[in-house]
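Heads up: the sequence lines are chains A and E, in that order.
All residue numbers for the first sequence refer to this note's numbering, where the first residue is 4 and numbers rise by one.
All residue numbers for the second sequence refer to this note's numbering, where the first residue is 57 and numbers rise by one.
From the three backbone atoms N, C-alpha and C, an ideal C-beta is built for every residue, glycine too.
Note sheet for the following structure.
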Amino acid sequence: MTTPVETIPSRPLSEEAPPLRRHQILAETTYRNNRESRYTDQIECLEQGYRYEANRSHFWGPPDLSLFYGTPLYEQSTDVQKLGLNHLYWVTQYNQTAATEANAILYNNVTEGVFSAVGGFDTLCRELALETEQEHQHIHAFHAVGYQTRKALFGSERMVRPRPTGRKTAKDPGRASSPFVLKLPALNWDRLQDEACRLIIFKLSSGQGSCSYSDFLQMVQSSGKPIPVQRAGLLGQVVPASVSKLMTLSFGASPFSACFFYGIRYLANILLKNYEHCYFQYHRSLEQVGSFIPAPTAISYYHMLDESFHTTTSQLISQDLYREFSRPTPYEQLMANLIFYRGQRMMLGGLSAVMPGVFRHDSTFMLPLYQILRSSLFGMAHQDALHWLEQSMCQEHQGHHVNGAYHQKLLKTMRQAFSSLTYLWPVNRELGLMAAGGSIQKSLKANRQCFEAMRPAFAELDRP
Amino acid sequence: MGTVITADAIDTWLIHYLADLLEMSEETIDPTSSFQELGLDSSLAISLTGDLEEWLGRRINPTLLYNYTTIESLSSGLAQEMAAARS
Numbered sequence: 004m005t006t007p008v009e010t011i012p013s014r015p016l017s018e019e020a021p022p023l024r025r026h027q028i029l030a031e032t033t034y035r036n037n038r039e040s041r042y043t044d045q046i047e048c049l050e051q052g053y054r055y056e057a058n059r060s061h062f063w064g065p066p067d068l069s070l071f072y073g074t075p076l077y078e079q080s081t082d083v084q085k086l087g088l089n090h091l092y093w094v095t096q097y098n099q100t101a102a103t104e105a106n107a108i109l110y111n112n113v114t115e116g117v118f119s120a121v122g123g124f125d126t127l128c129r130e131l132a133l134e135t136e137q138e139h140q141h142i143h144a145f146h147a148v149g150y151q152t153r154k155a156l157f158g159s160e161r162m163v164r165p166r167p168t169g170r171k172t173a174k175d176p177g178r179a180s181s182p183f184v185l186k187l188p189a190l191n192w193d194r195l196q197d198e199a200c201r202l203i204i205f206k207l208s209s210g211q212g213s214c215s216y217s218d219f220l221q222m223v224q225s226s227g228k229p230i231p232v233q234r235a236g237l238l239g240q241v242v243p244a245s246v247s248k249l250m251t252l253s254f255g256a257s258p259f260s261a262c263f264f265y266g267i268r269y270l271a272n273i274l275l276k277n278y279e280h281c282y283f284q285y286h287r288s289l290e291q292v293g294s295f296i297p298a299p300t301a302i303s304y305y306h307m308l309d310e311s312f313h314t315t316t317s318q319l320i321s322q323d324l325y326r327e328f329s330r331p332t333p334y335e336q337l338m339a340n341l342i343f344y345r346g347q348r349m350m351l352g353g354l355s356a357v358m359p360g361v362f363r364h365d366s367t368f369m370l371p372l373y374q375i376l377r378s379s380l381f382g383m384a385h386q387d388a389l390h391w392l393e394q395s396m397c398q399e400h401q402g403h404h405v406n407g408a409y410h411q412k413l414l415k416t417m418r419q420a421f422s423s424l425t426y427l428w429p430v431n432r433e434l435g436l437m438a439a440g441g442s443i444q445k446s447l448k449a450n451r452q453c454f455e456a457m458r459p460a461f462a463e464l465d466r467p
Numbered sequence: 057m058g059t060v061i062t063a064d065a066i067d068t069w070l071i072h073y074l075a076d077l078l079e080m081s082e083e084t085i086d087p088t089s090s091f092q093e094l095g096l097d098s099s100l101a102i103s104l105t106g107d108l109e110e111w112l113g114r115r116i117n118p119t120l121l122y123n124y125t126t127i128e129s130l131s132s133g134l135a136q137e138m139a140a141a142r143s
């Protein structure tokens with residue numbers, strides 16, 4: 004729930020008052036408009052009143068925003084199954100969005116701490132704090148709708164099943180590898196590792212560990228807690244676990260790197276908008292004819308309106324504000340490019356065969372989709388499920404071309420968005436990995452390899 | 057819920073929950089393992105938030121599942137947040 008509108012003091016019109024810079028004007032306008040909006044409250048109301056039964060017989064978005072859309076399986080699905088696939092698409096997309104918004108909460112705090120330490124960015128810091136508060140509500144709503152929907156569709160069926168390989172148990176207590184782990188007794192090696200990371204980053208960053216070090220990270224350090232990291236969402240997956248602390252510290256160590264975080268956040272904003280705008284338009288079309296509007300459709304609609312403020316902030320900081328600060332050191336430029344490159348490869352480097360609007364190959368979707376085909380929604384036997392999965396993932400169909408159109412639209416927008424960031428390598432500025440990943444042939448090849456590699460995992464899930 | 061839920065109680069609930077999900081005995085679940093090491097994917101966050109809220113009878117901060125990546129740290133983080141909310 005957002006708090007009442009706070010009045011922003013107007014600047015005196017004396018001749019001595021310095022003119023507001025473009026980024027200050029934009030920050031103040033965005034903050035004022037966001038504070039006055041009530042979109043987050045609308046999302047909270049919709050979440051509280053959500054019951055799957057009241058929404059189950061309606062599409063929540065255009066039919067092409069459905070799992071398996073354009074595949075032969077989709078064509079021969081029943082109306083009830085098609086509705087289920089449309090609803091599960093929403094749940095899947097917003098599960099990923101929730102994880103990426105959790106990244107935003109952490110790194111908003113880290114980078115707001117930098118702007119606060121530098122000083123002079125009070126309105127921007129207030130806007131970031133407001134956005135963080137809104138992200139909490141968004142995530143809760145996405146989880147709540149996802150939870151109730153899956154419960155209603157699958158009941159007590161096990162739809163969260165572990166990946167059957169590489170499971171670590173109490174009898175296998177190996178630790179994740181890290182470049183700073185030393186196996187010696189009687190010292191707090193975790194803390195030592197954190198200190199080593201800090202020293203390295205301070206040395207390599209333009210902030211030099213001075214007055215621009217994040218207030219938030221300073222507070223975490225003072226309370227004896229470890230450097231915070233996340234392992235899900237776009238930024239949780241973009242670097243290996245052993246480097247994630249370095250990434251957090253980098254974002255918190257200098258104004259340039261803090262601003263660069265908003266470049267990645269802008270990329271995530273654009274990726275989300277590529278499909279969320281379809282829900283927005285769907286909502287409008289229902290509204291115009293006075294039809295019933297499903298609660299998840301309305302949540303998407305208000306979320307897009309809320310996120311429009313966040314997108315403006317991301318754009319403002321990553322494209323404009325960073326010019327106010329020292330140029331990046333070679334380390335900062337390298338780190339920014341590596342993070343962007345990895346983000347491009349992981350989130351934009353492929354073409355899903357079964358989820359329009361998703362630009363990754365389908366390795367992470369194979370087991371969950373197999374389970375959906377085995378569930379009561381489709382009720383398939385093991386061999387039938389494998390057959391349809393193979394047809395959908397590894398054979399060309401109309402869905403590839405539908406997703407290809409989404410890909411082209413997004414590629415054009417991404418290139419426009421990042422063309423002015425001269426510190427990015429050409430492969431990043433021109434979205435080279437994304438452009439190469441839009442190939443149907445590459446998608447088929449990658450999915451074939453993954454499908455064959457996962458046969459043992461499917462067989463294990465088939466056991467009673 | 058009137059009673060105070062401790063980190064130990066949350067720990068016990070989580071181990072029981074995950075043992076059931078993973079079809080393993082509770083003794084073989086290491087509370088210091090990350091959810092990722094246990095083989096669980098990001099869709100766990102949806103189920104775990106919902107089931108934890110049903111058990112606790114209260115809303116929880118949904119980012120806990122992203123910020124705390126092991127059973128042990130999640131139990132302790134959640135207990136701390138609940139204690140802070142009471143005070």
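Beta-carbon gap between residue i and residue j smaller than 8 Å
{"i": "V94/A", "j": "G149/A", "result": "yes"}
{"i": "E399/A", "j": "L447/A", "result": "yes"}
{"i": "Q394/A", "j": "T74/A", "result": "yes"}
{"i": "I342/A", "j": "I267/A", "result": "yes"}
{"i": "S209/A", "j": "P331/A", "result": "yes"}
{"i": "S143/E", "j": "A63/E", "result": "no"}
{"i": "P231/A", "j": "L109/A", "result": "yes"}
{"i": "Y117/A", "j": "A261/A", "result": "Before going on, a small fix: residue 117/A reads as Val here, not Tyr. Yes, these two residues count as a Cβ contact at 8 Å."}
{"i": "H146/A", "j": "I46/A", "result": "no"}
{"i": "S215/A", "j": "A120/A", "result": "yes"}
{"i": "L237/A", "j": "M358/A", "result": "no"}
{"i": "Y73/E", "j": "A102/A", "result": "no"}
{"i": "K412/A", "j": "N277/A", "result": "yes"}
{"i": "L91/A", "j": "L70/A", "result": "yes"}
Boundaries of the alpha helix (DSSP H) in which residue i is found, first to last residue
{"i": "M484/A", "result": "Residue 484/A lies beyond the residue range present for chain A, which begins at 4 and ends at 467; the question has no answer from this structure."}
{"i": "A384/A", "result": "It is not in any alpha helix (DSSP H) - A384/A carries neither H nor E in the DSSP assignment."}
{"i": "E279/A", "result": "258–291"}
{"i": "R38/A", "result": "25–39"}
{"i": "E138/A", "result": "125–157"}
{"i": "N450/A", "result": "443–456"}
{"i": "N117/E", "result": "No alpha helix (DSSP H) holds N117/E; DSSP gives it neither H nor E."}
{"i": "D193/A", "result": "192–207"}
{"i": "G73/A", "result": "No alpha helix (DSSP H) contains G73/A, which DSSP labels as neither H nor E."}
{"i": "W63/A", "result": "Here W63/A belongs to no alpha helix (DSSP H), and DSSP marks it neither H nor E."}
{"i": "D105/E", "result": "Residue identity check: residue 105/E is Thr in the sequence provided, not Asp. Looking at the DSSP string, the run of the alpha helix (DSSP H) that includes T105/E is 100–112."}
{"i": "F312/A", "result": "298–322"}
Residue i to residue j span [Cα, whole Å]
{"i": "R24/A", "j": "T114/A", "result": "20 Å"}
{"i": "T367/A", "j": "F91/E", "result": "16 Å"}
{"i": "A235/A", "j": "N98/A", "result": "10 Å"}
{"i": "Q137/A", "j": "A30/A", "result": "17 Å"}
{"i": "T43/A", "j": "A462/A", "result": "44 Å"}
{"i": "A356/A", "j": "F283/A", "result": "24 Å"}
{"i": "P12/A", "j": "T315/A", "result": "For P12/A, the pLDDT reaches just 46, beneath the cut-off of 50, and the residue's location in the model is therefore unreliable, leaving the point undetermined."}
{"i": "K154/A", "j": "G440/A", "result": "35 Å"}
{"i": "T416/A", "j": "A408/A", "result": "13 Å"}
{"i": "S3/A", "j": "P299/A", "result": "Since the displayed chain A opens at 4 and closes at 467, residue 3/A lies outside it and no answer follows."}
{"i": "D67/E", "j": "L78/E", "result": "16 Å"}
{"i": "A141/E", "j": "F312/A", "result": "30 Å"}
{"i": "A75/E", "j": "Q374/A", "result": "20 Å"}
{"i": "R178/A", "j": "F264/A", "result": "Note that R178/A scores 46 on pLDDT, short of 50, meaning its location in the model is unreliable and no value can be drawn from it."}
{"i": "E110/E", "j": "S99/E", "result": "17 Å"}
{"i": "H404/A", "j": "L88/A", "result": "19 Å"}
{"i": "C281/A", "j": "N36/A", "result": "24 Å"}
Status (buried if at least 16 other CB within 10 Å, exposed otherwise) for residue i
{"i": "Q221/A", "result": "exposed"}
{"i": "N106/A", "result": "buried"}
{"i": "S379/A", "result": "exposed"}
{"i": "Q2/A", "result": "A query on residue 2/A cannot be resolved here, the shown segment of chain A reaching from 4 to 467 and no further."}
{"i": "K206/A", "result": "exposed"}
{"i": "A139/E", "result": "exposed"}
{"i": "N431/A", "result": "buried"}
{"i": "F295/A", "result": "exposed"}
{"i": "Q136/E", "result": "exposed"}
{"i": "V361/A", "result": "buried"}
{"i": "K174/A", "result": "In this predicted model, K174/A has a pLDDT of only 45, less than 50, meaning its place in the structure is not dependable enough to derive any value."}
* To do: Could you please tell me which residues of the region 234–245 of chain A, in chain order, have their CB closer than 8 Å to any CB of chain E?
  => Of all residues in the region 234–245 of chain A, those with a C-beta nearer than 8 Å to a C-beta of chain E are R234, A235, G236, G239, reading in chain order.
* Asked: What residues in the region 122–138 of chain E bring their beta carbon closer than 7 Å to a beta carbon of chain A?
  -> Interface annotation for the region 122–138 of chain E against chain A: Y122, N123, T125, criterion Cβ-Cβ distance under 7 Å.
* To do: Check each residue of the region 98–124 of chain A: if its Cβ is closer than 9 Å to any Cβ of chain E, include it; give the result in chain order.
  => Listed by position along the chain: N98, Q99, A101, A102, E104, A105, N106, I108, L109.
* Contact residues within the region 68–79 of chain E, judged by C-beta distance below 7 Å to chain A -> Contact residues of the region 68–79 of chain E toward chain A are L77, L78 (C-beta to C-beta distance below 7 Å).
* Name the residues in the region 82–106 of chain E whose C-beta lies less than 9 Å from a C-beta of chain A; which are they? -> Those residues of the region 82–106 of chain E that come within reach of chain A (Cβ to Cβ, closer than 9 Å) are E83, T84, I85, D86, P87, T88, S89, S90, F91, Q92, E93, L94, G95, L96, D97, S98, S99, L100, A101, I102, S103, L104, T105, G106.
* Asked: Of the residues that make up the region 368–387 of chain A, which ones have a beta carbon closer than 9 Å to any beta carbon in chain E?
  -> With the criterion set as a beta carbon lying under 9 Å from some beta carbon of chain E, the members of the region 368–387 of chain A are L370, P371, in sequence order.
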